[in-house]
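Residue numbers (our numbering), protein chains in the order written: chain S, 6 to 377; chain V, 6 to 377; chain B, 3 to 324; chain H, 3 to 324.
We put the CB at the ideal spot given by N, CA and C, even for glycine.
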Amino acid sequence: GMPRTDIEIDLRLEEMHVLDENGDVDDDLDPGLDRDELIEMARVMLLARRFDERRLKLQQQGRIGTFAPVIGQEASQVGTVSALADSDWVVPSYRESAVALWRGTSMSDLLLYDAGFNEGAHIEAESRDLPIAIPVGTQLPHAAGIGYVIAMRHAANGNGDENGNGDGSDVVMTFFGDGATSEGDVHEALNLAALRSLPVVFVCQNNQWAISTPVAGQTASATLAQKAVAYGMPGLRVDGNDILATRVAAAEAVARARAGDGPTFVECVTYRMAVHTTADDPSVYRDEDEVEQWKRRDPIDRLRTYMSNRDLAGDDDFEQIESSVSEQVADAVEQAEARFEELGDPAGMFDHVWAEPPPYVEAQRREVERRG
Amino acid sequence: GMPRTDIEIDLRLEEMHVLDENGDVDDDLDPGLDRDELIEMARVMLLARRFDERRLKLQQQGRIGTFAPVIGQEASQVGTVSALADSDWVVPSYRESAVALWRGTSMSDLLLYDAGFNEGAHIEAESRDLPIAIPVGTQLPHAAGIGYVIAMRHAANGNGDENGNGDGSDVVMTFFGDGATSEGDVHEALNLAALRSLPVVFVCQNNQWAISTPVAGQTASATLAQKAVAYGMPGLRVDGNDILATRVAAAEAVARARAGDGPTFVECVTYRMAVHTTADDPSVYRDEDEVEQWKRRDPIDRLRTYMSNRDLAGDDDFEQIESSVSEQVADAVEQAEARFEELGDPAGMFDHVWAEPPPYVEAQRREVERRG
Amino acid sequence: MIEAIRLSLHEAMTEDDSVVVLGEDVGVDGGVFRATEGLHEEFGPWRVFDSPLAEAVIVGASVGMAIAGARPVCELQFSGFSYLGFHQLEEHAARIRWRSRGRFSVPMVVRMPYGAGVRALEHHSESKEVIFAHVPGLTTVIPSGPRSARALLAAAIRSPDPVVFLEPKSIYRSFREEVPDEPEVGDLRSARRVREGDDITLVAWGAMVRRTQEAADELADDGIECDVIDLRTVSPLDESLIVESAQRTGRVAIVHEAHRSFGPAGEIIARLVEQAFWQLEAPIARVTGYDVHVPYFAREQAYLPDGDRIAEAIRATVEEPS
Amino acid sequence: MIEAIRLSLHEAMTEDDSVVVLGEDVGVDGGVFRATEGLHEEFGPWRVFDSPLAEAVIVGASVGMAIAGARPVCELQFSGFSYLGFHQLEEHAARIRWRSRGRFSVPMVVRMPYGAGVRALEHHSESKEVIFAHVPGLTTVIPSGPRSARALLAAAIRSPDPVVFLEPKSIYRSFREEVPDEPEVGDLRSARRVREGDDITLVAWGAMVRRTQEAADELADDGIECDVIDLRTVSPLDESLIVESAQRTGRVAIVHEAHRSFGPAGEIIARLVEQAFWQLEAPIARVTGYDVHVPYFAREQAYLPDGDRIAEAIRATVEEPS
Ligand SMILES: Cc1ncc(C[n+]2csc(CCOP(=O)(O)OP(=O)(O)O)c2C)c(N)n1
Ligand SMILES: Cc1ncc(C[n+]2csc(CCOP(=O)(O)OP(=O)(O)O)c2C)c(N)n1
Ligand SMILES: [Mg+2]
Ligand SMILES: [Mg+2]
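Next comes the structure, spelled out in structure tokens:
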């Protein structure tokens with residue numbers, strides 16, 4: 006007999022890239038996006054970049070508080086989120102400003118948030134984008150829960166099979182980091198989503214660092230994508246600075262989810278080019294060399310090269326994007342700063358805590374109002 | 006190029022069995038244990054079985070409270086724990102009575118515990134066996150922490166390499182169930198242990214059920230052993246009703262840990278033949294057929310057949326074990342019931358909460374003493 | 003009481019198909035206390051979800067379900083294991099309405115068997131309600147009998163905000179009470195007077211209500227008339243009834259099974275000192291669990307407030323010269 | 003204060019090689035507040051462990067380390083994330099001595115930056131000490147300045163039982179204080195009088211001590227003399243000093259940044275009512291954080307007790323006719 010045999014893993018577990026460093030492309034995998042969409046992706050990536058650069062200055066000037074820049078991860082975010090429909094759900098962590106901008110979140114709201122006003126967390130009535138979640142990894146259970154309700158309703162409506170799976174359900178996409186993979190909540194949510202084949206796309210932005218902890222200090226696992234094996238879930242590991250790759254991977258995962266075939270773990274291998282947050286000093290723990298290396302793989306540059314090579318856009322297009330983006334950022338800052346003045350009524354702290362506040366909390370509110 | 010490639014998992018991930026259902030053995034893997042040790046294993050397995058049978062009666066009679074029987078899992082426990090030295094650490098959950106008996110825990114203490122007396126949790130001064138841990142999976146972080154200290158001391162003493170790894174360290178063995186694999190704590194502990202190559206053996210007793218939830222309702226993962234992939238840890242899946250297999254797997258894992266090569270995930274595929282605890286009624290959720298199937302693979306019978314086939318023991322040996330075991334159980338019950346009488350001073354609830362109790366807690370104790 | 007809870011769940015699931023029950027062993031098994039018996043069979047594996055063994059995602063997925071428009075009622079098997087999911091309550095369930103400026107809300111219920119008295123194992127006898135009560139945005143309810151359990155659970159499921167619903171397991175099967183044929187929906191914002199008297203105010207909740215009432219009955223024979231208040235909802239605290247009563251009686255004893263120090267009685271005392279100070283005629287007595295881990299079951303009754311301790315505290319408080 | 007904490011850690015690590023520091027970013031980075039700066043370099047990657055991002059195993063592995071004879075000092079990056087590891091404290095750290103009948107003990111310290119006031123993000127301004135204070139077997143310490151932080155941390159590390167050490171981050175760098183050359187080991191079982199007076203007793207801890215002292219200074223100009231007590235250890239509560247003071251002054255105000263309801267003041271009030279009832283001449287005032295989530299930083303100062311609120315409460319209490 007064969008008393009000792011290897012355990013076969015019967016799951017798709019793949020690594021992939023589409024663009025190389027020179028902006029050349031693998032034709033088999035090129036998603037063939039149309040020019041308008043590519044331009045829009047380039048625009049939002051640049052917007053996120055410029056917005057962060059501006060915010061870093063505002064923070065230095067003390068005009069806003071600390072925040073987590075997205076710089077370097079624009080392709081991981083825009084490539085993935087752009088695979089969603091508007092009616093799909095987004096469950097972010099705290100670094101997803103490029104996702105937020107893609108989905109149409111107001112930049113001046115974001116600035117209000119950065120300036121410490123709860124009002125900045127405003128979400129449009131029909132929006133399916135959850136608010137920022139700061140406790141690392143704790144948002145993944147929410148994504149699973151939303152996915153559960155989608156699947157349940159799908160089953161109840163007779164769409165799909167008895168597991169609620171079938172064509173055309175909404176999809177949930179959730180974002181988290183390399184560090185988050187160590188958290189228990191992430192494990193529990195991945196396991197639950199796979200168990201019930203929920204329509205969730207798990208986007209792990211492996212930006213190499215969790216504050217000062219490198220991935221190698223986080224786990225002995227050779228890749229993060231292989232963590233999917235623990236849940237019987239397919240895993241994809243893609244070049245996260247290659248927006249075509251992140252888009253292809255996400256589109257595949259979204260299609261799988263929509264078709265009722267369950268969740269996918271997508272690892273985007275990328276890099277946090279800036280500080281963790283403005284409270285952080287990376288020079289203490291990482292080499293400038295490493296940052297320089299990654300600069301060569303800048304996701305915005307690579308998309309630009311691709312578009313130029315393919316004659317999809319030229320320098321004047323990019324200049325035009327650049328100037329419209331600058332204007333947008335400037336307008337948002339102006340707008341936000343005007344709003345700073347109006348806000349800050351201290352009694353606002355009592356807003357939205359309860360649907361119906363208890364009498365003694367109302368009394369506390371009146372006390373604060375009295376003090377002014 | 007190859008833009009889309011499979012991720013290779015560079016880890017040992019194996020399935021193994023030694024005994025077949027007829028007690029025949031794979032010679033390559035037969036650990037060749039000597040007769041005395043086999044007899045001792047058989048004795049403790051039977052002791053655990055008879056002890057549980059007696060406890061089930063005592064519970065029905067209301068003489069003790071609820072407990073979790075080990076029946077069916079004796080090989081998973083005795084085979085693994087017997088690979089340890091006395092100076093190694095054991096970190097159990099709440100179902101490890103066969104482990105406890107192998108390690109020499111007093112049966113009358115166990116009965117005291119079952120009867121609701123904190124005194125029953127007594128642990129000998131030099132013992133390295135942790136007390137029972139009831140919150141599922143939460144004991145695994147402790148095993149990692151103990152392993153950490155072992156490795157740290159090993160490194161500090163110049164034994165082993167700079168990672169504290171090398172020959173001859175103590176080892177920690179921890180036990181948990183299939184249900185526990187869903188808990189965040191288990192994930193976090195496995196990840197940490199693999200990250201720092203700690204000398205821990207993770208014994209997962211997959212007894213097919215977590216109360217009423219079958220493994221298939223717990224995870225979509227085809228095996229539990231493959232969960233090790235998430236941590237870059239080797240995994241072994243063994244027939245948990247085959248004491249030679251559990252012993253071989255555990256010995257391999259213990260040797261790996263002792264040599265400083267880090268943790269192993271050992272999945273013992275076994276079956277909970279009895280109730281979850283005496284508060285449970287399995288007829289609600291599982292077929293008696295299933296239990297019958299597994300009875301044919303009874304771990305005690307299989308060891309007996311093996312020993313008979315190899316002329317290591319005959320009917321009279323087994324009879325002798327049976328009668329000595331019965332006597333031991335009877336003595337323990339008698340002893341425990343005598344102790345029930347002596348105990349129960351209500352002020353005993355204040356014992357051992359603090360090294361030095363605060364004055365107001367002392368006052369509470371006096372109040373209880375006054376009431377008597 | 004367990005039947006009343008099951009009835010209430012059944013009524014809610016029948017009336018509103020967005021109600022989802024989830025937790026460990028709540029499905030096929032019907033729950034380790036049988037609170038969800040029959041629901042899986044009737045409503046199927048989506049409405050009644052036998053979850054993996056993982057408290058954080060049980061609570062956390064419930065948060066997501068509620069955000070997506072469902073009304074999850076999750077069960078944590080024992081309140082002693084709720085701490086594994088507590089961060090999801092503190093960091094999310096209680097905050098999502100606030101954090102999203104009202105865009106999303108979290109109408110969920112977390113049910114948990116709670117308290118001591120059933121000869122169970124370690125961690126199965128906990129009463130740390132104060133941990134939930136201290137979190138803004140959470141409502142913490144502890145029913146004291148079948149009828150109130152059914153009505154309060156119905157209200158909890160309808161609540162627009164998250165409710166922690168602690169079920170004293172020692173009264174799951176300890177006494178029976180008629181419940182009306184028609185569903186009742188309780189009020190989550192009010193305490194209830196369960197006995198009238200002028201000599202002393204007694205405040206209790208959960209399994210302690212009955213013990214307190216029994217002590218009050220006994221003392222009535224000695225001419226001590228107790229005003230007994232069943233808090234029902236621990237937080238937000240309905241101070242009005244307690245304050246009114248204490249102003250009238252001038253004497254108060256609070257009975258709870260939780261540990262004394264930093265326990266819930268402190269808040270009640272603080273409110274009384276703030277609002278009834280000048281009417282108080284004696285120190286307020288606390289009859290509580292002690293400041294030790296709940297002992298294994300051979301001693302659990304000695305840990306819990308009993309009739310003797312309650313009566314002794316009442317007498318001492320009433321006899322205190324003012 | 004951050005330097006005093008670093009000094010204390012350094013002293014403990016030098017003196018006792020079983021002391022292990024662990025947590026997220028405590029190693030190479032030296033901690034997000036720099037509390038552990040230099041330790042990794044000096045003591046290496048075993049004594050100073052940059053852990054994975056996983057609070058449950060940070061606390062849980064510390065429990066195991068302590069069982070194995072080490073003295074772990076783990077850091078949770080902010081107390082607002084401590085709930086992810088709380089079950090390890092409640093279910094194990096606080097219970098292992100008791101559960102093992104004294105065979106094992108858990109001499110560990112869980113350090114966490116705590117409280118509001120540094121213009122930080124959500125969850126970075128929490129003050130829910132009552133959750134720890136309510137657990138038997140845990141000691142909860144909150145220092146109020148450099149010298150006490152150093153001495154109390156030294157005592158915490160030497161403590162035979164687990165200590166939750168909450169560091170008010172708003173005073174990490176807000177003022178300087180001389181610390182003696184020689185290491186000091188504080189007392190974890192006693193509160194400290196930081197100002198003497200006969201008119202009113204003020205009880206505070208952590209960052210609120212300074213605000214309270216400042217208010218007291220101001221009122222001294224008006225002839226109101228405050229007896230100010232720095233609790234230092236919230237639990238076990240040193241009631242003796244508070245009771246003695248309240249019996250003398252007859253008037254008390256308690257200042258804390260935690261939410262008011264079911265917050266720590268309740269316990270202090272309960273003890274005073276039990277032990278100083280007949281000497282109390284006015285209701286006890288609570289000056290606290292409100293019963294809402296700590297608002298984002300634009301409003302956090304309005305959430306926190308400030309000099310005005312403290313002074314107003316003192317005046318009202320002192321002026322109350324007895
Ligand atoms: C539960 C929890 N623990 C700790 C923190 C503090 N913290 C904020 S971000 C961070 C690192 C996160 O790393 P990663 O998941 O890789 O995401 P990234 O910041 O790189 O996007 C830590 C430790 C937190 N926010 N939540
Ligand atoms: C954290 C926690 N949640 C829930 C429980 C209740 N409970 C006790 S045992 C059990 C099932 C455990 O199943 P498994 O891990 O397979 O171990 P087994 O009981 O089969 O040995 C559950 C849910 C618990 N003890 N701890
Ligand atoms: Mg990262
Ligand atoms: Mg099991």
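Taking the C-beta atoms as reference points, residue 257(B) is found nearer than 8 Å to residue 206(B).
Its Cα nearest to that of residue 328(S), the residue 56(S) stands out among 156(S), 175(S), 97(S) and 56(S). In this structure, residue 4(H) keeps its C-beta atom at 8 Å or more from the C-beta atom of residue 49(H). Each of 13(B), 180(B) and 210(B) was checked against the Cα of residue 289(B), and the nearest Cα belongs to 210(B). Residue 272(S) has 209(S) and 242(S) as its beta-bridge partners, per DSSP. For residue 261(H), the uninterrupted beta strand (DSSP E) run begins and ends at 254-261, by DSSP. Relative to ligand 2, residue 192(V) has its C-beta separated by 7 Å or more from all heavy atoms. In terms of side-chain proximity, the C-beta atom of residue 115(H) is found no nearer than 7 Å to any non-hydrogen atom of ligand 1.
Counting along the chain, the unbroken beta strand (DSSP E) around residue 237(B) starts and ends at 235-237.
One thing to note: residue 136(H) has its Cβ no nearer than 8 Å to the Cβ of residue 83(H).
Our two residues, residue 169(H) and residue 288(V), have alpha carbons roughly 53 Å apart in a direct line.
Per DSSP, residue 236(S) lies in no beta strand (DSSP E) segment and is marked neither H nor E. Checking the DSSP bridge columns, you'll see residue 182(S) partnered with 210(S). As for any beta strand (DSSP E) of minimum length 3 sitting wholly inside the stretch 104-173 of chain S, there is none.
At least 8 Å separates the beta-carbon of residue 252(V) from that of residue 77(V). The residue among 266(H), 123(H) and 9(H) with its C-alpha nearest the C-alpha of residue 238(H) is 266(H). Annotation for residue 51(H): the continuous beta strand (DSSP E) segment containing it runs 50-52. A Cβ closer than 7 Å to some heavy atom of ligand 3 marks a residue here, and those residues are 182(S), 183(S), 184(S), 210(S), 211(S), 212(S), 213(S), 214(S), 215(S) and 277(S). Under DSSP, residue 195(B) forms a beta bridge with 231(B).
Approximately 14 Å separates the beta-carbon atoms of residue 98(H) and residue 112(H); this is outside 8 Å, ruling out the contact.
Relative to residue 147(S), the option among 96(B), 121(B), 75(B) and 59(B) whose CA is nearest is 59(B).
Across the stretch 95-114 of chain H, CB contacts with chain V closer than 8 Å involve 98, 99, 100, 101, 102, 103, 104, 105, 106 and 107, in sequence order along the chain. One finds 70 and 121 in chain V with Cβ atoms closer than 7 Å to the Cβ of residue 121(B), taken in chain order. Interface flag for residue 138(H) against chain B is set, since a Cβ pair is found closer than 8 Å.
In this structure the stretch 60-68 of chain V does not lie against the stretch 34-49 of chain V, because fewer than three pairs of beta carbons, one per stretch, are closer than 8 Å.
Distances from the CB of residue 159(H) to the heavy atoms of ligand 2 are all 7 Å or more. Across the set 369(V), 355(V) and 373(V), the C-alpha of 355(V) shows the shortest separation from the C-alpha of residue 103(H). Note that the C-beta distance between residue 271(S) and residue 241(S) is below 8 Å. Nearest Cα to residue 312(S) within the set 17(S), 40(S), 104(S) and 31(S): 40(S). Checking the DSSP bridge columns, you'll see residue 288(H) partnered with 256(H). Here the stretch 309-316 of chain H makes no contact with the stretch 137-144 of chain H; the two share fewer than three CB pairs at distances below 8 Å.
Taking 8 Å as the cut-off, the beta carbon of residue 60(V) is found closer than this to the beta carbon of residue 119(V). The contact set of residue 90(H) on chain V, defined by CB atoms closer than 8 Å, consists of 143, 146 and 190 in chain order.
The three-state reading of DSSP puts residue 283(V) in coil, since its state is none of H, G, I, E or B.
When DSSP reads this structure, residue 94(S) sits in a beta bridge with 177(S).
Annotated three-state conformation of residue 202(B) is strand, per DSSP.
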